[in-house]
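Structure first, then comments.
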Amino acid sequence: MLKLAGTDLLGVFLFGGLYTLTATGQMEEKLFQALVLVSGAGFVWLWVLVEAEAGAGHTAPRRAGRAALAFAIVAFAAPALVLGVISALIDQLPPGTLPAGLAQKASLLLLVALFLTACANLVGGLITALFVKPRRTAGT
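So, in structure tokens, the structure goes:
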């Protein structure tokens, strides 16, 4: 399950990075959309590989539970980490050092990144349920 959580965290940073580049005007929206599709497909492929290995021998409901718990860990940890650092910086740095509304912008970025990661998880879960069969263990 921790491998899935790590994969989900990678997805949050991947999609968050793409969204950040677009939101700051450093990337055109059409390029963003294309990169989300390409990197999303790559992320789903990686997610399926990790789940196929880590979830080998588990039934589909158990795999779904593991995937949901891994995503829940990331959905809690990523905002806590990012917003915790921003909060600490706001408290430590002189006023006006950080851009205005940084915490709100970071919250939106995290929401978008978590949404895209959740969508990729759903697609990966469907692919895993349909095409990845649990390994048989000895005696079954």
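Here the numbering used here is used: the first residue of the sequence shown is 6, the next is one more, and so on. By construction, the Cβ of each residue, glycine as well, lies at the ideal position given by its N, Cα and C atoms.
### Query
Is it the case that the Cβ atoms of A125 and G45 are separated by a distance below 7 Å?
Residue mapping note: residue 125 aligns to position 120 of the sequence shown, counting from 1. Residue mapping note: residue 45 aligns to position 40 of the sequence shown, counting from 1. For A125 and G45, yes; Cβs fall inside 7 Å.
### Task
Would you check if the distance between the CB atom of G130 and the CB atom of A72 is smaller than 7 Å?
If you number the sequence shown from 1, residue 130 lands on position 125. If you number the sequence shown from 1, residue 72 lands on position 67. Yes; because the gap between Cβ atoms is below 7 Å, this pair is in contact.
### Query
Candidates K110, A77, R67: which alpha carbon is nearest I91's?
Here residue 91 refers to the residue found at position 86 of the sequence shown. Selected option, being the one with the closest Cα: K110.
### Message
Please report the distance separating the alpha-carbon of K35 from that of V117.
### Response
As a first step, residue 35 is located in the sequence shown; it is residue number 30 there, counting from the start. As a first step, residue 117 is located in the sequence shown; it is residue number 112 there, counting from the start. Roughly 17 Å between the two C-alpha positions.
### Query
So the alpha helix (DSSP H) G21 belongs to, where does it begin and stop?
As a position in the sequence shown, residue 21 is number 16, starting the count at 1. Element bounds for G21: 7 to 28.
### Message
Beta-carbon within less than 7 Å of R68's beta-carbon, same chain only, minus the 5 sequence neighbours each way: which residues are those?
### Response
Against the sequence shown, residue 68 aligns to sequence position 63. E56, G60, T133, listed in sequence order.
### Task
May I ask which residues mark the beginning and end of the alpha helix (DSSP H) holding P84?
The residue you call residue 84 lines up with position 79 of the sequence shown. Where P84 is concerned, the enclosing alpha helix (DSSP H) stretches over 65 to 97.
### Message
Can you give me the C-alpha to C-alpha distance between V128 and V49, rounded to a whole angstrom?
### Response
The count along the sequence shown starts at 1 and reaches residue 128 at position 123. The count along the sequence shown starts at 1 and reaches residue 49 at position 44. For V128 and V49, the distance between alpha carbons rounds to 7 Å.
### Task
Give a yes or no on whether the C-beta atoms belonging to L9 and A82 are separated by under 7 Å.
Taking the first residue of the sequence shown as position 1, residue 9 is located at position 4. Taking the first residue of the sequence shown as position 1, residue 82 is located at position 77. Not closer than 7 Å, so no.
### Query
Of the residues G11, Y24, L19, L42, which one's Cα is nearest the Cα of L114?
Walking along the sequence shown from the start, residue 114 turns up at place 109. Ranking the options by Cα distance to L114, first place goes to Y24.
### Simplified DSSP assignment, three categories, for T133
Sequence index remark: in the sequence shown, residue 133 carries index 128 (1-based). Helix.
### Query
How long is the line joining the alpha carbons of V53 and P100, rounded to whole angstroms?
Here the question's residue 53 lines up with position 48 in the sequence shown. Here the question's residue 100 lines up with position 95 in the sequence shown. So the two alpha carbons sit approximately 45 Å from each other.
### Message
Let me confirm a value: F120 is counted as buried when at least 16 other C-beta atoms fall within 10 Å, else exposed. Which label applies?
### Response
Here residue 120 refers to the residue found at position 115 when the sequence shown is read from its first residue. Its Cβ having fewer than 16 others within 10 Å, F120 is exposed.
### Query
What number of angstroms, rounded off, separates the C-alpha of V137 from the C-alpha of L51?
For the purposes of this step, residue 137 is taken as residue 132 along the sequence shown, with counting starting at 1. For the purposes of this step, residue 51 is taken as residue 46 along the sequence shown, with counting starting at 1. Rounded to whole angstroms, V137 to L51 spans 14 Å at the Cα level.
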